[in-house]
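Asker:
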Ligand code: GUN
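Residue numbers (the numbering used here): 42 to 343.
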């Protein structure tokens, strides 16, 4: 699909179609497992409290499990659950041989340590790829669960056969979930990868100066509309990870989802660009399903 704006053309990196193709492959693999008498992959999602965006994300993950034939279980906990209780619940799922993947939806209430919870999840069921063991193994190029958003972005680059070797990749945002692993992956000796990587963050003095040098620009800072046309090199590949709720009274939901990139002005300069919604978000869920399938097939931790 092409996005023609003001006579210029950027090709859309279409997360919707690509994620659907991945989901079709997963559904076929599940059907094969069941023909062989194996149980389908099983993902458990834990949700603490009722944070609006988390409710939406988890509902979407559960729905996607159903679409590919996975079993899923949503475990809900009140916001006042103690850290010890939550850690105990994680441990119980770790020990359940009928579960392949476990994720605890973030953010968590302030009284619960994200690090403690993340480290309690068994690395072999950590399909979010947040455990230090998985991040360390990924950094070394060893088999590991790769965090779903970076994994989804890699697959988008791969499915569109975009060259990456020798390119300058600039990642804006150093979150543990996206920016940090993304920067490591794009610098690995692999495809997609072999980039020269610059990781920008809140203390980087002149971000625009760096983004203008990017052949591949990955915006993952969670600030709607931060990347403007003058920050983008003509012909760059632009990946927008932002997915922020912004008030919008014209919508029934009362909000719209906004990316970190000003799509309308950046698309005419870019060679390829992801839309929001319909880009990276859908790829993230497809990648989570892939990790869960890999776990059930014992292909990461055999
Ligand atoms: N919160 C925002 N993104 C994510 C994600 O990918 N996984 C989990 N567990 N929580 C999130």
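Think of the CB as a built atom: it goes at the ideal place given N, C-alpha and C, for glycine as much as any other residue.
For clarity, every value in this text was computed on a predicted model and none was experimentally measured.
1) Starting from residue 142, trace the beta strand (DSSP E) in both directions and tell me its first and last residue.
2) My guess is that residue 278 and residue 193 are in contact by the Cβ rule of under 8 Å, so how many angstroms apart are they, rounded?
3) Relative to the C-alpha of residue 250, which candidate in 326, 162, 261, 270 has its C-alpha closest?
4) What are the start and end residues of the alpha helix (DSSP H) that includes residue 178?
5) With a 10 Å radius around its C-beta and 16 neighbouring C-beta atoms as the bar for buried, classify residue 323 as buried or exposed.
6) Helix, strand or coil, according to DSSP, for residue 41 in the structure here?
7) Can the beta-carbon of residue 178 be found closer than 8 Å to that of residue 185?
8) Say whether chain C places a C-beta atom closer than 8 Å to the C-beta of residue 281.
9) Consider the C-beta atom of residue 118 and the heavy atoms of the ligand GUN; say whether any pair is separated by less than 7 Å.
10) Is the separation between the beta-carbon of residue 53 and that of residue 309 shorter than 8 Å?
11) Which value, in whole angstroms, describes the spacing of the CA atoms of residue 145 and residue 233?
12) Pull the bridge partners of residue 346 from the DSSP assignment, please.
13) Enumerate, from N- to C-terminal direction, the unbroken beta strand (DSSP E) stretches of 3 or more residues contained entirely within the region 145-227.
14) Under 7 Å from any heavy atom of the ligand GUN, does the C-beta of residue 147 make it?
15) Entirely within the region 95-147 and at least 3 residues each: give me those beta strand (DSSP E) ranges in chain order.
16) Would residue 268 and residue 301 qualify as a contact pair, given that the criterion is a beta-carbon distance under 8 Å?
17) Please say whether residue 214 and residue 220 have beta carbons closer to each other than 8 Å?
18) Assign residue 71 to one of three DSSP states: helix, strand, or coil.
19) Use the C-beta contact count for residue 169: other C-beta atoms within 10 angstroms, 16 or more gives buried, fewer gives exposed.
20) Just mark residue 274 as buried or exposed, buried being the case when its beta carbon has 16 or more other beta carbons within 10 Å.
21) Could you check whether the region 280-299 touches the region 56-66, counting it as contact only if at least three pairs of C-beta atoms, one from each stretch, sit closer than 8 Å?
22) Give the DSSP-derived three-state secondary structure of residue 46 in the structure shown.
23) Using a Cβ-Cβ cutoff of less than 8 Å, which residues in the same chain neighbour residue 47 once the five nearest sequence positions on both sides are dropped?
Answerer: In terms of the structure at hand:
1) Residues 142-145.
2) Not really, about 15 Å apart at Cβ, beyond 8 Å.
3) Nearest C-alpha to residue 250: 270.
4) Its alpha helix (DSSP H) spans residues 173-181.
5) Residue 323 comes out buried.
6) Residue 41 is absent from the structure shown; the chain starts at 42 and stops at 343.
7) It is a contact, given that the beta carbons lie within the stated cut-off.
8) Looking at the structure shown, chain C is missing, and only one protein chain is on hand.
9) No, the beta carbon of residue 118 sits no closer than 7 Å to any heavy atom of the ligand GUN.
10) Their beta carbons are not under 8 Å apart, which means residue 53 does not touch residue 309 by this criterion.
11) Straight-line Cα distance between these residues: approximately 28 Å.
12) For residue 346 there is no data in the structure shown, the boundaries of the chain being 42 and 343.
13) Those beta strand (DSSP E) runs which fall completely within the region 145-227 and span 3+ residues are 209-213.
14) For residue 147, the Cβ falls inside the 7 Å cut-off from some heavy atom of the ligand GUN.
15) Segments of the beta strand (DSSP E) lying fully in the region 95-147: 112-118, 142-145.
16) Their beta carbons are under 8 Å apart, which means residue 268 touches residue 301 by this criterion.
17) The beta carbons of residue 220 and residue 214 sit closer together than 8 Å.
18) In the displayed model, residue 71 falls within a helix according to three-state DSSP.
19) With 16 or more Cβ atoms within 10 Å of its Cβ, residue 169 is classed as buried.
20) Answer is buried; the Cβ neighbour count reaches 16.
21) Flag = no, the region 280-299 and the region 56-66 do not touch.
22) Reliability fails at residue 46, whose pLDDT of 47 lies under 50, so the model's placement of it is uncertain and no value is given.
23) Note that residue 47 has pLDDT 48, beneath the 50 cutoff, so the model's placement of it is unreliable and no number is given.
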